[in-house]
Amino acid sequence: AGDDATLILWNVQTGEELQNISRPFSGPISAICWITLGLDNDPGFVYGCADGSLHIYRRKEDSTFHFCSMTMAHNGSIEGVTFDPIHRRVASIGSGSPQVWTLSVVGNLTSIVPSPPTSTFIARSINFCDNGSSVLVGYLESHELACYNIDPWGIKWAKTIPTRIGHATLSCDGLNLVVSNLSNGIDVYSFPSMDRERSFCYPITRNFPLQVATALQGTIIVSGGDDGACLVFDRCSGVTLSPLSH
Numbered sequence: 001a002g003d004d005a006t007l008i009l010w011n012v013q014t015g016e017e018l019q020n021i022s023r024p025f026s027g028p029i030s031a032i033c034w035i036t037l038g039l040d041n042d043p044g045f046v047y048g049c050a051d052g053s054l055h056i057y058r059r060k061e062d063s064t065f066h067f068c069s070m071t072m073a074h075n076g077s078i079e080g081v082t083f084d085p086i087h088r089r090v091a092s093i094g095s096g097s098p099q100v101w102t103l104s105v106v107g108n109l110t111s112i113v114p115s116p117p118t119s120t121f122i123a124r125s126i127n128f129c130d131n132g133s134s135v136l137v138g139y140l141e142s143h144e145l146a147c148y149n150i151d152p153w154g155i156k157w158a159k160t161i162p163t164r165i166g167h168a169t170l171s172c173d174g175l176n177l178v179v180s181n182l183s184n185g186i187d188v189y190s191f192p193s194m195d196r197e198r199s200f201c202y203p204i205t206r207n208f209p210l211q212v213a214t215a216l217q218g219t220i221i222v223s224g225g226d227d228g229a230c231l232v233f234d235r236c237s238g239v240t241l242s243p244l245s246h
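Residue numbering for the sequence shown follows the UniProt record's numbering, beginning at 1 and increasing consecutively.
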């Protein structure tokens, strides 16, 4: 997905392009994640756009993904979106404001938070935590992480870290938070204590927010790069693995 408002689905084993979806009227696609829908846990995805809309797609019997719904979620660009399979909820962040949605079996979204908090700071990431009962929001300029209980809605805690938060993601076991720090690379923190455990430093020539993700049960960290290559790190050893070039 990218600035041309086109989403491409690939078979990662064969490199085959499976489907090409274009929705230019909503602007560039800014965030995306996989979801499951219905009683059979059909695979699908939700993506957010520059106009603040969320779009739901679901895979049908012919193995292609079909449009289910569109929801105007935020007043500005969607900065992040994530899915909780336990409660079947979607969380999104845009214009400095988080929102949590229930996902129906047919792919419709209903907001949970009646008056979500707003901030003058840019919120670049949102993650479910505490087995889906809370969401964690990371703010770019203020260095702040805010954890909110979902039902009932309320702030649980807020902490600051030494660097900006270009993007942050929780490991699959929920024990570590990986942060793109917009300074010298990536920091790994224990969660929720937020003690820094390890840093992965690399040269930065063009400094802008880069998405980070974990793989293989959190043992691998993948980061976007400023030169057309994804950076791959072994979290335990600290070794830099082969980059993924684009």
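A virtual CB, placed ideally from N, CA and C, is assigned to each residue, including glycine.
These numbers were taken from a predicted model, which means no experiment stands behind them.
Secondary structure at Phe128: strand, using DSSP grouped into helix, strand and coil. Taking C-beta atoms as the reference points, Arg164 and Leu177 fail to come closer than 8 Å. In this model, Gln217 and Val232 are separated by some 14 Å (Cα to Cα).
Note that the C-beta distance between Ile186 and Ser199 is below 8 Å.
Looking at the DSSP output, Asp42 shares a beta bridge with Leu37. Nearest C-alpha to Ile93 among Glu61, Val106, Leu175, Gly138: Gly138.
Secondary structure of Pro98 (DSSP, three-state): strand. In the DSSP annotation of this structure, Gln211 is not part of any beta strand (DSSP E), being labelled neither H nor E. Arg235 counts as buried, since at least 16 other C-beta atoms from the protein chains shown sit within 10 angstroms of its C-beta.
Within the UniProt repeat "WD" (1-20), the complete beta strand (DSSP E) segments at least 3 residues long are 6-10, listed from N- to C-terminus. Per DSSP, reduced to three states, the secondary structure at Phe67 is strand. Between His87 and the set Pro114, His74, Gly38, the nearest pair of CA atoms involves Gly38. Taking C-alpha positions only, Trp101 is separated from Val90 by approximately 5 Å. If you look at Ile165, you'll find it isn't in any beta strand (DSSP E); DSSP assigns it neither H nor E. Nearest C-alpha to Cys201 among Ser190, Asn184, Pro209: Asn184.
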